[in-house]
Amino acid sequence: QVKVNGRFGCINLDSKWIPLPGKAVLWEEDCCSADKHDLLEEVNLDGQGRFHLESWEREFTESPRFFIAFWVNCEDQNKCADPIIRER
1 QVKVNGRFGC INLDSKWIPL PGKAVLWEED CCSADKHDLL EEVNLDGQGR FHLESWEREF
61 TESPRFFIAF WVNCEDQNKC ADPIIRER
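By UniProt numbering, the letter at position 20 of the sequence shown is numbered 20, and the numbering carries on one by one without gaps.
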C-alpha cells in the first residue's frame with residue numbers, strides 16, 4: 001500500500017506560509033499521458049492546503065512508479081515568492 005500526505009502552498013517574501021486550498025491533486029500512472037485510465041485518484045486540498053493520497057499494491061503490478069500532478073491557479077502571484085510542496 002502506498003500513502004502520500006502533504007501540504008501545498010507557497011512562502012511569501014516575509015517567509016510566511018500561504019496554503020493554496022481547493023486545488024486538485026492528481027495521482028497518475030504515467031507522467032506523459034492524458035488518458036483517464038492512468039488516473040489513480042483525484043483529490044482536492046483542504047482549507048490548509050493538505051492532501052492525502054492512498055493506493056493499493058494491485059495498481060502497481062505492471063509499473064511500480066507513479067506521478068503526482070498539481071492544478072494550481074495562482075490568482076495572487078504577488079503574495080508568493082516560490083511555490084513549494086511541504087511534507088507533513
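For each residue, glycine too, the CB sits at the ideal point set by N, CA and C.
Legend entry - Buried/exposed call for residue 90, threshold 16 Cβ in 10 Å: Outside the displayed span of the chain (1 to 88) sits residue 90, for which this structure offers no information.
Inset, instruction - Would you mind reading off the limits of the beta strand (DSSP E) that contains Gly49? - result: Locating residue 49 in the sequence shown gives position 49, counting from the first residue. From DSSP, Gly49 is part of no beta strand (DSSP E); its letter is neither H nor E.
Legend entry - Nonlocal neighbours in the same chain, by C-beta distance under 6 Å from Pro19, ignoring five residues either side: Looking up residue 19 in the sequence shown gives position 19. For Pro19, where only same-chain residues beyond five positions count, the Cβ hits under 6 Å are Gly9, Gln48, Gly49.
Legend entry - Three-state secondary structure assigned by DSSP to Asn44: The residue you call residue 44 lines up with position 44 of the sequence shown. In the structure shown, Asn44 sits in a strand (DSSP, three-state: E or B).
Inset, instruction - Taking only the alpha-carbon atoms, compute the straight-line gap between Lys43 and Trp17 and give it to the nearest angstrom. - result: Here residue 43 refers to the residue found at position 43 of the sequence shown. Here residue 17 refers to the residue found at position 17 of the sequence shown. Per the sequence presented here, residue 43 reads as Val, with Lys not at that position. Cα to Cα, Val43 sits roughly 21 Å from Trp17.
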